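Chemist: Protein chains in written order, with numbering that gives the first Met the number 0: chain R, 0 to 491; chain F, 0 to 240.
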Amino acid sequence: MTKSVKHFFLILIALVSCFLPTMTVSAEDGSALQRIQDEGVLTIGTSADFPPFEFYAVVDGERRAVGMDIFIAEKIADDLGVELEIQDIGFDSLLPALEARNVDMVIAGMTPTPERRKSVDFSEIYFKTFQNIMVKAEDQDVYSSIESLNGMRIGVQASSLQEQLASQIDNPELMTLTDLNDLLLALKTNRLDAVIMQGPNAEAHAANDEDLHTFVGGFEMDDDDQGSAIAFRKNEDSLVEAVNESLNEIEEQGLIEDYLAQAGEYMAVSEVNEDGEEVEDGFVSSYWEYFWDGTMLTLFISAVSVFIGMILGALLAFKRLSKNTFVRVVATAYVEFVRGTPMMIQVMFIYFASGIFFDLPALAAGIIAVSLNSGAYICEIVRSGLGSVNKGQEEAARSLGMSKKQSMRHIIFPQALKNIWPALGNEFITIIKESSIVSVIGVGELIFQTRVVRSISFQGILPLFVSMLIYFVLTFSLTKLLNYYEGKMSHD
Amino acid sequence: MIKVNHLKKSFGKNEVLSDINEEIQKGEVVVVIGPSGSGKSTFLRCLNMLEKPSDGEIVFEGTSLTGLKEQELNQLRQKMGMVFQQFNLFPHKTALENVTIAPIKVKGVPEWEAQQDGTRILEQVGLADKVDAYPSSLSGGQQQRVAIARALAMNPDVMLFDEPTSALDPEMVGEVLKVMKDLANSGMTMVVVTHEMGFAKEVADRVIFMDGGYVVEQGVPEDIFTHPQHERTQDFLAKVL
Numbered sequence: 000m001t002k003s004v005k006h007f008f009l010i011l012i013a014l015v016s017c018f019l020p021t022m023t024v025s026a027e028d029g030s031a032l033q034r035i036q037d038e039g040v041l042t043i044g045t046s047a048d049f050p051p052f053e054f055y056a057v058v059d060g061e062r063r064a065v066g067m068d069i070f071i072a073e074k075i076a077d078d079l080g081v082e083l084e085i086q087d088i089g090f091d092s093l094l095p096a097l098e099a100r101n102v103d104m105v106i107a108g109m110t111p112t113p114e115r116r117k118s119v120d121f122s123e124i125y126f127k128t129f130q131n132i133m134v135k136a137e138d139q140d141v142y143s144s145i146e147s148l149n150g151m152r153i154g155v156q157a158s159s160l161q162e163q164l165a166s167q168i169d170n171p172e173l174m175t176l177t178d179l180n181d182l183l184l185a186l187k188t189n190r191l192d193a194v195i196m197q198g199p200n201a202e203a204h205a206a207n208d209e210d211l212h213t214f215v216g217g218f219e220m221d222d223d224d225q226g227s228a229i230a231f232r233k234n235e236d237s238l239v240e241a242v243n244e245s246l247n248e249i250e251e252q253g254l255i256e257d258y259l260a261q262a263g264e265y266m267a268v269s270e271v272n273e274d275g276e277e278v279e280d281g282f283v284s285s286y287w288e289y290f291w292d293g294t295m296l297t298l299f300i301s302a303v304s305v306f307i308g309m310i311l312g313a314l315l316a317f318k319r320l321s322k323n324t325f326v327r328v329v330a331t332a333y334v335e336f337v338r339g340t341p342m343m344i345q346v347m348f349i350y351f352a353s354g355i356f357f358d359l360p361a362l363a364a365g366i367i368a369v370s371l372n373s374g375a376y377i378c379e380i381v382r383s384g385l386g387s388v389n390k391g392q393e394e395a396a397r398s399l400g401m402s403k404k405q406s407m408r409h410i411i412f413p414q415a416l417k418n419i420w421p422a423l424g425n426e427f428i429t430i431i432k433e434s435s436i437v438s439v440i441g442v443g444e445l446i447f448q449t450r451v452v453r454s455i456s457f458q459g460i461l462p463l464f465v466s467m468l469i470y471f472v473l474t475f476s477l478t479k480l481l482n483y484y485e486g487k488m489s490h491d
Numbered sequence: 000m001i002k003v004n005h006l007k008k009s010f011g012k013n014e015v016l017s018d019i020n021e022e023i024q025k026g027e028v029v030v031v032i033g034p035s036g037s038g039k040s041t042f043l044r045c046l047n048m049l050e051k052p053s054d055g056e057i058v059f060e061g062t063s064l065t066g067l068k069e070q071e072l073n074q075l076r077q078k079m080g081m082v083f084q085q086f087n088l089f090p091h092k093t094a095l096e097n098v099t100i101a102p103i104k105v106k107g108v109p110e111w112e113a114q115q116d117g118t119r120i121l122e123q124v125g126l127a128d129k130v131d132a133y134p135s136s137l138s139g140g141q142q143q144r145v146a147i148a149r150a151l152a153m154n155p156d157v158m159l160f161d162e163p164t165s166a167l168d169p170e171m172v173g174e175v176l177k178v179m180k181d182l183a184n185s186g187m188t189m190v191v192v193t194h195e196m197g198f199a200k201e202v203a204d205r206v207i208f209m210d211g212g213y214v215v216e217q218g219v220p221e222d223i224f225t226h227p228q229h230e231r232t233q234d235f236l237a238k239v240l
């Protein structure tokens, strides 16, 4: 097999994987439980911006997900005799992640609605809950019932039970967002009149924010709609039964109360010291670790992706100049396809589609997606760079007896690289900003951490501002650095 | 050394060379003159296959170049040095690197040896003090002399010059022509496309006058310049002399 054929196949594989249909894996028997016990790991999916069910707190100096659901999951893992692994994903991506086998089960204060039951199975309800309405404290006299909200601007979380409940309000002007914190921010900045939220969650927020007021909504609900349950893939009865056993035990021993109380302790403050006393600190000193971790991961993802992207891009650029029409067409199709689709969908597609076949960690999926995307753009940069080198250069090289490859490698490419250096730098800066998209699959980069800080600090705007500042410092200093090296590289 | 049989070259419908037959002997200095658009540069570029002939044959040292595989062609090109009107030096390399890169990468000469040779050749063209200079800091005349040195470093059997002084300021033409004269005196086989009639008169063994894709007339310089036979040759010489 010649090199070019090998390259061609690599590109082909990358392409084909982009077109694979979402295959449904055939029905499973009782082996689901067996498989988890064999692997020794139970992977749960959750959306940790939802106190007191799941949120982040610093425990013994270490940052981790806590909350009622997490404690329940720990108990289940214990009962099964396996380790617990937590994947933090946006709420509306949880069920896709479950079906794509990225996680074994979803526990996220999720209500087992009839719509959801069509695609997944649920455990027994482990927590009966109620639905609240959140308004601004100053409006508490104006809005005090469902009826008073007729025709008003109502916020709900995307693909949530609350979205359906909103139909019980007459003529609502609905705003549907993924992140609850964004809804609350919209409420506080007068873009919404009320937000429908799960009861305990609403009370947690109201208790921590004097600008907010909440009351029980009194929505009409089916029995099913009044509680939270754990979601599983269809036909994994063995696992559901085992989990139900644990849930029964939790109910018999009244553990839910304990879990809620424990979560409440974590919720009241972001950090508890050794004596159990609150540590009162400024915003930055309390949360700098989140931002630091996020920044490091953002830089890591960007650097690795641009590096892989450069190799892929150079390869694609040469393929696009190939004499072989087929190779050329495939490379061109790849570039056009990637440039013609949003990176967000590429990231989600690679993460969820890969989950059907093997367990690809979210970080790896994110880096692959960003690299594949960047490769297409860098291909075009490299191509323009090669085109910018005077034709006489190749003629001179060839007249000295150099082969096509030698003249490309020693003469054309080094000059092209110098010409495209600024454009490559721009691509790096673009990737630093755009890699934030991998937060949708739960990769803990800067945007993701910003979301986390917003949920645990009960602050809507300040975390956004800090993260904006960090992005600017990153991109601005990188620009300066690139300019410096650009100056050093020019001989002419 | 080089035999050209029925060479034709067209760009699209435009026929630039029509049936050229020539033979260049070892040690001979051949100067090709003619009005612009007469096909003389294309003729030269066909000799080392930078332009692929549309028809006909080029035979170099007994091997037909037309129909050779890339790899074999690369081998033979090493023996045919070429100097361009626009110099085409590699801007990202110093004068010495320009001269040594082909011996090192193509012939596999050890770096130290290539550098020794390269320095000697640069001295020979009068640029001993410019070995470490980048092309952008050299004058046109100096750049063209580096380009000649670069071609010479491959130890070619023949040197092809494509209007080597046309892009130069007048005061720099002399230094390049001097290097070329020295080269001719040392016995190098040369094919030179040029408008420098003085050089043709003084150095050429044979002058070829081309017009409209044909060789109109050729002979020793005295004959061509003092008793041109063809009307077109007379017209051309009347304008340039």
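Beta carbons are placed, not taken as given, at the ideal position from N, Cα and C, and that holds for glycine. Just so it is clear, the structure is predicted and the values come from calculations on it, not from any experiment.
Would Phe160 of chain F and Val191 of chain F be called neighbours here (beta carbons separated by less than 8 Å)?
Modeler: Contact: yes.
Chemist: Determine the burial state of Leu480 of chain R: buried for a count of at least 16 other Cβ atoms within 10 Å of its Cβ, exposed for fewer.
Modeler: Under this definition Leu480 of chain R is an exposed residue.
Chemist: With distances taken between CB atoms, is the gap from Glu38 of chain R to Arg232 of chain R smaller than 8 Å?
Modeler: Cβ distance not < 8 Å, so Glu38 of chain R and Arg232 of chain R don't count as in contact.
Chemist: Look up Thr175 of chain R in the DSSP assignment and give the residues it is bridged to.
Modeler: Note: Thr175 of chain R sits in a beta bridge opposite R:Val155.
Chemist: Who are the neighbours of Met401 of chain R on chain F, taking C-beta pairs under 8 Å?
Modeler: The answer, in chain order, is Asn73, Ala101, Lys104 and Val105.
Chemist: Determine the chain F residues that contact Lys187 of chain R at a beta-carbon separation under 8 Å, and present them in chain order.
Modeler: Near Lys187 of chain R there are no residues of chain F at all, since even the closest Cβ is about 58 Å away, more than 8 Å.
Chemist: What's the call for Ile344 of chain R, buried or exposed, on a 16-neighbour Cβ count within 10 Å?
Modeler: Per the 10 Å Cβ criterion, exposed.
Chemist: Any idea what DSSP makes of Met189 of chain F, helix, strand or coil?
Modeler: In this structure, Met189 of chain F counts as strand in the three-state DSSP scheme.
Chemist: Starting from Ala230 of chain R, follow its DSSP beta bridges and name the residues at the other end.
Modeler: Answer is R:Val105 and R:Phe121.
Chemist: Just verifying my parser: in three-state terms, what is the DSSP assignment at Phe457 of chain R?
Modeler: DSSP places Phe457 of chain R in coil when its eight states are reduced to three.
Chemist: Looking at C-alpha atoms only, which residue of R:Ile35, R:Lys187 and R:Leu311 is the closest neighbour of Ala136 of chain R?
Modeler: Of the listed residues, the one whose Cα sits closest to Ala136 of chain R is R:Lys187.
Chemist: Which bits of chain R does Asn154 of chain F rub up against, with CB to CB less than 7 Å?
Modeler: None at all; the shortest Cβ gap to chain R is about 11 Å.
Chemist: Starting from Asp236 of chain R, follow the alpha helix (DSSP H) in both directions and report where the run begins and ends.
Modeler: Counting along the chain, the alpha helix (DSSP H) containing Asp236 of chain R begins and ends at Asp236 to Glu251.
Chemist: Give the straight-line distance between the Cα atoms of Ser135 of chain F and Val439 of chain R, rounded to the nearest whole angstrom.
Modeler: Distance between the alpha carbons of Ser135 of chain F and Val439 of chain R is about 50 Å.
Chemist: Where do the N-terminal and C-terminal ends of the beta strand (DSSP E) with Tyr55 of chain R fall, by residue?
Modeler: Its beta strand (DSSP E) spans residues Phe54 to Val58.
Chemist: For Ile377 of chain R versus Gly312 of chain R, is the C-beta distance shorter than 8 Å?
Modeler: Against a cut-off of 8 Å, the Cβ pair of Gly312 of chain R and Ile377 of chain R comes out as a contact.
Chemist: Apart from the five residues just before and just after Phe351 of chain R, which ones in its own chain have a Cβ nearer than 6 Å to its Cβ?
Modeler: Pro95 and Ala99, listed in sequence order.
Chemist: Using the Cα positions of Gly486 of chain R and Leu477 of chain R, report the straight-line distance between them to the nearest angstrom.
Modeler: Rounded to the nearest angstrom, the two C-alpha atoms are 14 Å apart.
Chemist: Give a yes or no on whether the C-beta atoms belonging to Ile419 of chain R and Thr474 of chain R are separated by under 8 Å.
Modeler: No, Cβ-Cβ distance for Ile419 of chain R and Thr474 of chain R is not below 8 Å.
Chemist: Could you check what DSSP says for Thr62 of chain F in three-state terms: helix, strand or coil?
Modeler: Strand at Thr62 of chain F.
Chemist: Leaving out five residues before and five after Ser456 of chain R in sequence, what residues of the same chain have Cβ atoms less than 8 Å from its Cβ?
Modeler: Ser269, Phe282, Ser285, Tyr286 and Pro462, listed in sequence order.
Chemist: Three or more beta-carbon pairs under 8 Å between the region 79-91 of chain F and the region 121-137 of chain F, yes or no?
Modeler: In short, these stretches touch, since the Cβ pair count reaches three.
Chemist: Can you name, in chain order, every residue of its own chain whose Cβ lies under 8 Å from the Cβ of Pro227 of chain F, other than the five neighbours on each side?
Modeler: If we look at Pro227 of chain F and ignore the five residues flanking it on each side, its Cβ neighbours are Phe208, Glu216, Gln233 and Leu236.
Chemist: Report the option in F:Ala127, F:Leu167 and F:Glu122 whose CA atom is closest to the CA atom of Gly139 of chain F.
Modeler: Checking every option, the nearest Cα to that of Gly139 of chain F belongs to F:Leu167.
Chemist: Can you give the beta carbon distance from Asp178 of chain R to Asp77 of chain R, rounded, assuming they're within the 8 Å contact cut?
Modeler: Wrong, their Cβ atoms sit about 31 Å apart, outside the cutoff.
Chemist: Anything in the region 76-92 of chain F with a Cβ closer than 7 Å to a Cβ of chain R? List those residues in chain order, please.
Modeler: Result list: Arg76, Gln77, Met81, Phe83, Gln85, Asn87, Phe89, Pro90 and His91.
Chemist: Check the Cβ-Cβ distances between Lys417 of chain R and every residue of chain F, and say whether any is below 8 Å.
Modeler: Answer yes: the Cβ-Cβ gap between Lys417 of chain R and chain F drops below 8 Å somewhere.
Chemist: Mapping the DSSP letters down to three states, classify Asn559 of chain R as helix, strand or coil.
Modeler: Since the first residue shown for chain R is 0 and the last is 491, residue 559 of chain R is missing from the structure and cannot be characterised.
Chemist: Among R:Lys74, R:Leu296, R:Glu219 and R:Ala31, which one has its Cα closest to the Cα of Ile469 of chain R?
Modeler: The candidate whose alpha carbon is nearest that of Ile469 of chain R is R:Leu296.
Chemist: Identify whether Asp292 of chain R lies in helix, strand or coil by the three-state DSSP scheme.
Modeler: Helix.
Chemist: Residue range of the alpha helix (DSSP H) that Ser353 of chain R falls in?
Modeler: Ser353 of chain R -> alpha helix (DSSP H) spans Met342 to Phe356.
Chemist: Could you spell out where the beta strand (DSSP E) holding Gln228 of chain F opens and where it closes?
Modeler: No beta strand (DSSP E) contains Gln228 of chain F, which DSSP labels as neither H nor E.
Chemist: Using three-state DSSP, classify Asp77 of chain R as helix, strand or coil.
Modeler: If DSSP states are grouped into helix, strand and coil, Asp77 of chain R belongs with the helices.
Chemist: List the endpoints of the continuous alpha helix (DSSP H) containing Met171 of chain F.
Modeler: Residues Pro169 to Asn184.
Chemist: Would you say Gln156 of chain R and Leu182 of chain R are within 8 Å of each other, going by their C-beta atoms?
Modeler: Result yes, Cβ atoms of Gln156 of chain R and Leu182 of chain R sit closer than 8 Å.
Chemist: Taking 8 Å as the CB-CB limit, is Leu49 of chain F close to chain R?
Modeler: Cβ-Cβ to chain R under 8 Å: yes for Leu49 of chain F.
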